[in-house]
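Number 18 in my numbering belongs to position 18 of the sequence shown; there are no gaps in the numbering. Glycine included, C-beta positions come from ideal geometry on N, C-alpha and C. Since the structure is predicted, the reported quantities are computational estimates derived from the model, not experimental observations.
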Amino acid sequence: MQEYKYYVQAINKIYEYLNIMKSKWNDQDNHNYIESIEEYKSVVVKYADSFKKMPSKDVEEI
Numbered sequence: 001m002q003e004y005k006y007y008v009q010a011i012n013k014i015y016e017y018l019n020i021m022k023s024k025w026n027d028q029d030n031h032n033y034i035e036s037i038e039e040y041k042s043v044v045v046k047y048a049d050s051f052k053k054m055p056s057k058d059v060e061e062i
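If you want it as structure tokens, here you go:
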């Protein structure tokens, strides 16, 4: 379950930074690039379930 926690925290941080960049940058090319990354959010959330199903390991072992 620890892996799931780290995975969710990392993904949330990535999308938090993307939102900050999107609000600060005015260039449309940058907005398009960020939007293309955001399209993968549903896939990332879907695969979070695979971390829930994995046997628990310490992060140091990975």
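Compute the distance between the beta-carbons of residue i and residue j, then report whether it is under 8 Å.
i	j	result
Lys-46	Ile-34	no
Quick check: what's the CA-CA separation for residue i versus residue j?
i	j	result
Lys-41	Glu-16	12 Å
Ala-10	Glu-38	15 Å
Tyr-4	Gln-28	34 Å
Asn-30	Lys-52	34 Å
Reducing DSSP to helix, strand and coil, say where residue i ends up.
i	result
Tyr-40	coil
Which residues mark the beginning and the end of the alpha helix (DSSP H) in which residue i is found?
i	result
Asn-26	Neither: Asn-26 is in no alpha helix (DSSP H) and is coded neither H nor E.
With a cut-off of 8 Å on the beta carbons, I'd call residue i and residue j a contact; round off their distance for me.
i	j	result
Ala-48	Tyr-6	In fact, because the Cβ distance is near 11 Å, the residues do not count as touching under 8 Å.
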